[in-house]
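Residue numbers for the sequence shown follow the working numbering, beginning at 117 and rising by one.
Right, one structure below, let's go through it.
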Amino acid sequence: MGFKTDTIAAISTAMTNSGIGIVRISGDEAFEIIDKIYKGKKEKILSKQKSHTIHYGYIVDGEEIIDEVLVLLMKGPHSYTGEDTVEIDCHGGVFVTKKILETVLKYGARPAEPGEYTKRAFLNGRMDLSQAEAVIDVINSKNEYALKSSVNQLKGSVHKKIDEIRSEILHHTAFIETALDDPEHYDVDGYGEELETVVDKLLKKVQRLIDTADDGRIMKEGIQTVIVGKPNAGKSSLLNALIGEDRAIVTDIAGTTRDVLEENIQLQGISLNIMDTAGIRDTKDIVEKIGVDKAKSYAEEADLIIYVVDASVPLDDSDFEIINMIKNKKAVVLLNKTDLSTVINKKELKVWINKPTIEISAKHQTGIHELEDTLKEMFYHGEISFNDEVYITNARHKAALIDAYASLKKVKESIENQMPEDFFTIDLMDAYESLGSITGETIGEDLVNEIFSKFCMGK
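Printed below as a string of structure tokens:
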């Protein structure tokens with residue numbers, strides 16, 4: 117897979133005024149360029165200094181001093197990209213950082229493309245594709261679990277699992293092909309039974325990884341959560357209690373919420389992408405009816421439904437409509453307004469809906485911690501261990517695993533139908549190729565470019 121080896125440069129810190137800014141240079145001419153624009157208090161040529169050393173001085177353009185800087189030298193292959201790399205740590209003003217980048221470009225570098233540093237690290241064998249994709253996941257992490265999972269993948273957890281499965285597939289494929297080429301020295305009689313046992317184990321390993329994808333998606337993207345309930349049940353008060361501010365309008369007038377309010381909140385390290393919807397009831401108000409229809413539509417697609425019940429009034433037709441709507445969904449029931457005189461209790465509610473039920477007062481913010489603990493238990497089955505468990509958080513990886521599973525199933529079917537052994541190798545290699553696309557060993561240049569184009573500039 118060919119790629120450019122010219123020298124690239126980019127600003128690797130956020131484009132806003134800050135304490136420091138970093139301009140990164142990578143490529144064959146990185147040291148030649150820094151020699152032209154660096155001036156230290158002591159006369160020295162940076163390209164002749166030791167790798168992984170830091171040097172104090174100035175970035176200059178001819179006689180013009182641009183900024184006081186620290187320059188970090190990293191000689192390839194012991195750098196992030198595997199190439200000669202220079203990082204200029206300057207003052208973090210937007211103008212001065214851009215001025216330094218312009219100077220670097222003036223003296224021979226070209227602007228880096230989005231994700232090009234990580235792309236070069238992948239192409240130079242510094243990391244596999246699953247690790248490279250984990251880099252952007254670390255940057256985009258929205259919660260503690262997403263960060264831990266991404267760091268785990270960056271350390272090679274997905275690569276290790278995939279490599280184990282691919283190695284076993286390759287071993288048996290090689291044996292079959294060798295036996296078919298040299299039947300005098302290798303016997304495949306009865307090998308189908310042995311291979312079927314192996315394939316069964318591989319199917320379980322692949323399925324186990326696929327099964328983690330739902331939890332993995334939730335870690336990465338957050339739990340798509342919809343608050344439902346009849347009007348004036350306290351949905352907006354709950355949203356305000358969760359986010360800690362008066363984001364939603366709260367009144368005693370039923371039907372105040374007409375549209376969907378969306379917020380992202382953090383509860384004990386997990387992300388909730390939470391939507392407060394219009395109260396569900398029969399209404400002749402056209403605008404409110406649109407809101408009610410939206411509420412039902414969002415509830416249908418949600419990972420989690422929080423059903424808020426007004427404990428101060430009896431259940432009515434609107435409640436029973438909601439109960440019927442969420443009976444097959446992942447849901448938690450909040451018995452709200454328990455600070456008032458109640459006419460509904462948890463025992464009575466259990467007769468109609470068998471979901472985790474928590475007594476709360478959204479107004480006084482009681483019961484919120486119990487809700488947090490319940491959600492954590494519902495989605496992560498308790499504490500997650502990142503030591504041994506690998507979670508698939510990337511949709512591309514999940515699709516490749518599903519393809520590999522289908523190919524392994526075909527191998528099993530061929531064995532059961534007593535097909536010739538060369539049929540086994542065709543589907544075994546298809547599974548091998550699908551898994552290889554996860555680590556980047558069997559992937560086209562166009563897809564590589566597409567993946568890295570989604571990275572931020574300077575990474």
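All C-beta atoms in this analysis are idealised placements derived from N, C-alpha and C, irrespective of residue type, glycine included.
- For Gly-308, the enclosing alpha helix (DSSP H) begins and ends at 307 to 327.
- Contact annotation: Ile-124 and Arg-226 have beta-carbon atoms nearer than 7 Å.
- Annotation for Lys-514: Ile-326, Ala-329, Ile-508 place their beta carbon closer than 7 Å to its own, counting only its chain and skipping 5 residues before and after.
- When DSSP states are grouped into helix, strand and coil, Ser-457 belongs to the coil group.
- Nearest to Asp-435 by alpha-carbon distance, out of Lys-346, Lys-410, Ala-146, Ile-442, is Lys-346.
- Here DSSP, grouped into helix, strand and coil, assigns Ile-474 to strand.
- In this model, Tyr-261 and Ile-421 are separated by some 21 Å (Cα to Cα).
- Note: Ser-387 is bridge-paired with Gln-382 in the DSSP secondary-structure output.
- A distance of 7 Å or more separates the beta carbons of Met-573 and Pro-193.
- Using a Cβ distance threshold of 7 Å, Lys-317 and Ile-281 do not count as a contacting pair.
- Nearest C-alpha to Ile-343 among Ser-352, Lys-336, Glu-337: Ser-352.
- Rounded to the nearest whole angstrom, the CA to CA distance from Ile-252 to Phe-291 is 39 Å.
- The Cβ neighbour count for Asp-426, taken over all protein chains shown within 10 Å, is at least 16; the residue is labelled buried.
- Judged by beta-carbon spacing, Gly-156 lies within the 7 Å limit of Gly-173, meaning their Cβ atoms are closer than that value.
- DSSP places His-207 within a strand segment (E or B) once states are collapsed to three.
- Residue Glu-464 holds the alpha-carbon nearest to the alpha-carbon of Pro-430 among Glu-464, Asn-444, Val-202.
- One Cα belongs to His-288, the other to Glu-312, and the distance between them is close to 11 Å.
- Taking 8 Å as the upper bound for CB-CB distance, Ser-142 and Thr-197 are in contact here, some 5 Å apart.
- With the rule of 3 Cβ pairs closer than 8 Å, the stretch 513 to 530 counts as touching the stretch 543 to 553.
- In the three-state reduction of the DSSP assignment, Leu-431 falls in the coil class.
- Per the C-alpha coordinates, the member of Leu-263, Ile-567, Leu-221, Pro-472 positioned closest to Asp-489 is Pro-472.
- Ranked by Cα distance from Val-210, the options Val-139, Ser-265, Phe-238, Val-267 are led by Val-139.
- If you look at Asp-183, you'll find it in the beta strand (DSSP E) that goes 180 to 190.
- With 16 or more other Cβ atoms inside 10 Å of its own Cβ, Asp-200 counts as buried.
- Of all alpha-carbon atoms in Val-564, His-171, Ala-418, Leu-296, the one lying nearest the alpha-carbon of Asp-538 is that of Leu-296.
- Where Val-342 is concerned, the enclosing beta strand (DSSP E) starts and stops at 339 to 344.
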